[in-house]
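Heads up, the thing below is written out as structure tokens.
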Amino acid sequence: MIQQMSDSLDVKMHISEAKFLSVFPKSKPLIYHEIAKYIGLAGCKTKEQQAMFLAQCGHETAGFSAFSENLNYSDIALLRTFPKYFNTGNVKAYARQPEKIANRAYANRMGNGNEQSGDGYKFRGRGLVQITGKNNYVLFRKWLGREFKLDDVGTDLELIVLAGVWFWQKNNLAALECVVDVTKRVNGGFNGLADRQAKYDKLMS
Numbered sequence: 001m002i003q004q005m006s007d008s009l010d011v012k013m014h015i016s017e018a019k020f021l022s023v024f025p026k027s028k029p030l031i032y033h034e035i036a037k038y039i040g041l042a043g044c045k046t047k048e049q050q051a052m053f054l055a056q057c058g059h060e061t062a063g064f065s066a067f068s069e070n071l072n073y074s075d076i077a078l079l080r081t082f083p084k085y086f087n088t089g090n091v092k093a094y095a096r097q098p099e100k101i102a103n104r105a106y107a108n109r110m111g112n113g114n115e116q117s118g119d120g121y122k123f124r125g126r127g128l129v130q131i132t133g134k135n136n137y138v139l140f141r142k143w144l145g146r147e148f149k150l151d152d153v154g155t156d157l158e159l160i161v162l163a164g165v166w167f168w169q170k171n172n173l174a175a176l177e178c179v180v181d182v183t184k185r186v187n188g189g190f191n192g193l194a195d196r197q198a199k200y201d202k203l204m205s
């Protein structure tokens with residue numbers, strides 16, 4: 001699939017590596033170069049589009065330093081983050097147990113099986129925008145055109161970036177110009193909006 005989009009691979013990066021590192025000083029080494037290689041596939045050709053991609057993905061990954069979902073929630077954090085799936089009666093049995101948390105919180109949705117299936121943890125969030133759920137991994141694999149190990153989406157730089165590119169392309173996010181609108185599509189709400197906006201502004205400066 002990627003080879004069939006060769007024109008999109010030849011896109012100028014309008015944000016320099018020096019600027020990138022000034023905004024994301026803790027970023028994983030070489031991640032900038034992988035992003036520069038594939039950002040055109042996300043439809044990000046202008047400086048504004050590229051800044052939006054970097055700002056959103058940078059927020060989602062703690063400044064391009066963490067690419068697998070952190071599910072090590074305390075009981076209080078679980079009640080705040082997943083109130084639909086945890087309550088005062090069961091939260092103590094799940095707190096600080098990432099695998100159990102994922103298996104409950106992501107059960108019976110996004111193509112996952114029930115809590116006992118283990119799909120929640122198996123298909124937990126990975127990549128630049130934390131693609132989550134069996135359905136999304138299946139769609140990403142189809143788009144990519146090759147097999148991969150699930151954990152590699154959180155450890156292999158190329159797959160990390162391509163997962164984010166796929167999400168951006170799939171949701172046509174390059175067409176949106178407002179940080180608020182993109183945040184809603186990426187996050188499902190407006191968590192971290194101020195940080196996302198600040199990162200965008202710094203990248204554009």
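Heads up: the sequence shown at position 152 corresponds to 152 in my numbering, and the numbers run straight through without jumps.
Even for Gly, the Cβ is constructed at its ideal location relative to N, Cα and C.
Keep in mind the model is a prediction, meaning the values are calculated, not measured.
Asked	Found
How should Thr-155 be labelled, buried or exposed, when 16 other C-beta atoms within 10 angstroms of its C-beta is the threshold for buried?	exposed
Under three-state DSSP, which class holds Arg-80?	helix
Should Val-180 go down as buried or exposed, given a rule of 16 or more other Cβ atoms within 10 Å for buried?	exposed
According to DSSP, is Ser-22 part of a helix, a strand, or is it coil?	helix
Where Phe-64 and Val-129 are concerned, what is the direct C-alpha to C-alpha distance, given to the nearest angstrom?	10 Å
Which one or two residues does DSSP pair with Arg-126 in a beta bridge?	Ser-68, Ile-131
Can you give me the C-alpha to C-alpha distance between Asp-151 and Leu-71, rounded to a whole angstrom?	15 Å
Can you tell me whether DSSP reads Leu-30 as helix, strand or coil?	coil
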